[in-house]
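Structure record follows, encoded as structure tokens.
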Amino acid sequence: MGSFGAVGLSACLLITLSAAGQSKNISPAGTVAEHAAQPLKFHIAGIQKSDLGAHAAAPQARDSAPTAKRAGPSEKTIRVAAAAGRKRAAVSPAPKREASISPDDRLAVQVELAWTGDYRGLINGEADEKTAAAIKSFQKSRKFKETGVLNTQERALLAAFAKAKQAQVGWTMVDDPVSGARLGIPSKQVPNKAPAKAGTRWASAQGQIQVETFKIREPGTTLANVYEQQKKEPSTRRLELNLLRPDFFILAGMQGLKKFYVRADIKDGEVRGITVLYDQATENIMDPAAVVMSSAFSAFPSASGAQIGAAAKRKVEYGTGIIVSSAGQILADRELTEGCNIIVVSGYGNAERTADDTSKDLALLRVYGLSDLVPAIFAPEAARGPDLTLLGIADPQMQEGGMAVSSIAAKLKGDVIDPVPQLGFSGAGVVELKSPLIATIGASNAQPQATIVPPPVIRAFLDAQKVPPATGRWGLDRTKSSLVRVICVRK
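Here is the structure:
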């Protein structure tokens, strides 16, 4: 991939956060000043869609056409953005269709509803009244019709809001070698890690938020005994929730002036648990996090076991690719193109993934039968920042079915892009004033954020695939014309 015009690409972004956590100040790319800039690429999880439509979209309309009229056949089943969804709520699926959704999808919906604060029950993938009520709560708060079933637009918005919450707290899955458990923690809220009495403690700087694991293995240990002990110790605990099952228990309530949440499981006479303790002043952030932490807690993890806290792959994801050769080679995000039954490049047809780099999350796609594409030009130097402009093709949900190139103003903070871009920007380009660059996408499973992959890494990847640097005069129009929408369809 190359830079814009005379100066080439310099860096690339990795994004694990989905559209919701991305900034909403998108303007048509045509409004970006004609200055030298520095493109980068990054990845964001896409949305689920039941019917992709035709695999190859019609030739891609560019910036001169109105955004709302640019949807190709690949996106013809999604013609409206979230606001339009409210007008079509009357034709939303009947609640009885919830039973036809797979348990994994229901599990993902419950997790996302927990992050938005609408669901506070057990995250178990069951289609029950609590889940339907939580969906209605979400719909009501966003002024949708309260059906208890999510339509396509509502599902996309829910995923976006949930990912934004995860990014806000720095949601991370970690293994605790002391207790042997696997758990999710809000790493931005509890950055300090230290040994605890029977496990590990993560805490905020002043101790307003604490997360602690524990392990109990003594002769005669039973879950009921630990349950009774945790109810009474310390003596300042006042229960508001208590649930005891044969293999686990959950307790929640007040501990002095703080809120607490305890989850513990038993296996072969050993009890492993987690305690979450936090000030009431942090409840807007920590109430949803505690619910997800409880259900994501894996006391006795197995390599093959499903992990609630892990992000699920969407059946249909949208991202942005960068044309890097006239013969149809396109740089894209490896995470975006992972596990795809079909990969479509809108306007050009089906694509094949010909190479990837698992360490940097880069992928190279190829659309065969093309010979006249205009590749992007990118420079070797890295982004100097901090002010950047992100160029990408937002998800059709975010632009009323369109496929226009949009721009987002952002800042480079260390290796991280702030704010996280919108859904569909995975693999998009980043422009820096007076030094244009374009980079490819990557994804980090550890952190829901967009980070930079240095341009030399991208160039080395392309060189290894014998993709020569593009030549010619750089310009913003050329850069925009080198961006394409990439669609991954999974079974």
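Residue numbers (the numbering used here): 9 to 499.
Idealized CB from N, CA, C, for every residue including glycine.
Cα-Cα separation, residue i to residue j
i	j	result
residue 191	residue 377	48 Å
residue 348	residue 339	16 Å
residue 280	residue 224	6 Å
residue 201	residue 263	22 Å
residue 5	residue 255	Absent from the structure is residue 5, since the part of the chain shown begins at 9 and ends at 499.
residue 485	residue 116	40 Å
residue 399	residue 344	17 Å
residue 193	residue 326	28 Å
residue 505	residue 323	Residue coverage of the chain in this structure runs from 9 to 499, which leaves residue 505 outside it and unanswerable.
residue 479	residue 122	50 Å
residue 300	residue 472	42 Å
residue 271	residue 131	13 Å
residue 110	residue 148	24 Å
residue 491	residue 158	32 Å
residue 412	residue 402	8 Å
residue 274	residue 475	55 Å
residue 282	residue 137	28 Å
residue 179	residue 355	36 Å
residue 124	residue 477	45 Å
residue 309	residue 188	8 Å
residue 276	residue 197	34 Å
residue 145	residue 297	18 Å
residue 259	residue 294	16 Å
residue 496	residue 181	25 Å
Buried or exposed (CB count within 10 angstroms, at least 16 for buried), residue i
i	result
residue 174	buried
residue 238	buried
residue 142	buried
residue 499	exposed
residue 133	buried
residue 166	buried
residue 488	buried
residue 243	exposed
residue 455	With a pLDDT of 38 at residue 455, under the threshold of 50, the modelled position of that residue is not reliable, and the figure given next carries that caveat. With 16 or more other Cβ atoms within 10 Å, it is buried.
residue 362	exposed
residue 288	exposed
residue 151	exposed
residue 203	exposed
residue 240	exposed
Which of helix, strand or coil DSSP assigns to residue i
i	result
residue 75	Because residue 75 carries a pLDDT of 37, less than 50, the predicted location of this residue cannot be relied on, and the following value inherits that uncertainty. The answer is helix: DSSP assigns residue 75 an H, G or I state.
residue 56	Because the pLDDT of residue 56 is 35, which lies under 50, any placement of that residue in the model is unreliable, and the question is left without a value.
residue 211	strand
residue 463	helix
residue 296	helix
residue 330	strand
residue 280	strand
residue 203	strand
residue 539	Since the first residue of the chain shown is 9 and the last is 499, residue 539 is not available in this structure.
residue 123	helix
residue 143	helix
residue 485	helix
residue 474	coil
residue 369	coil
residue 153	coil
residue 135	coil
residue 222	strand
residue 341	strand
residue 231	helix
residue 479	coil
residue 245	strand
residue 420	strand
residue 176	helix
residue 116	helix
Residues that DSSP places opposite residue i in a beta bridge
i	result
residue 3	This structure cannot settle anything about residue 3, because the visible part of the chain is limited to 9 through 499.
residue 360	374
residue 217	286
residue 270	259 and 283
residue 252	257
residue 335	DSSP output for residue 335 lists no bridge partner at all.
residue 192	181
residue 163	Residue 163 is not bridged to any residue.
residue 491	330
residue 239	Answer is none; residue 239 lacks a bridge partner.
residue 171	BP columns for residue 171 are empty, so no partner.
residue 275	278
Min CB distance residue i to chain C below 7 Å
i	result
residue 303	No chain C appears in the structure shown, which is made up of a single protein chain.
*Would you check if there are 3 or more beta carbon pairs closer than 8 Å linking the region 203 to 216 to the region 226 to 233?*
no
*Determine, using beta-carbon pairs with one atom in the region 464 to 478 and one in the region 360 to 380, whether at least three such pairs fall under 8 Å.*
yes
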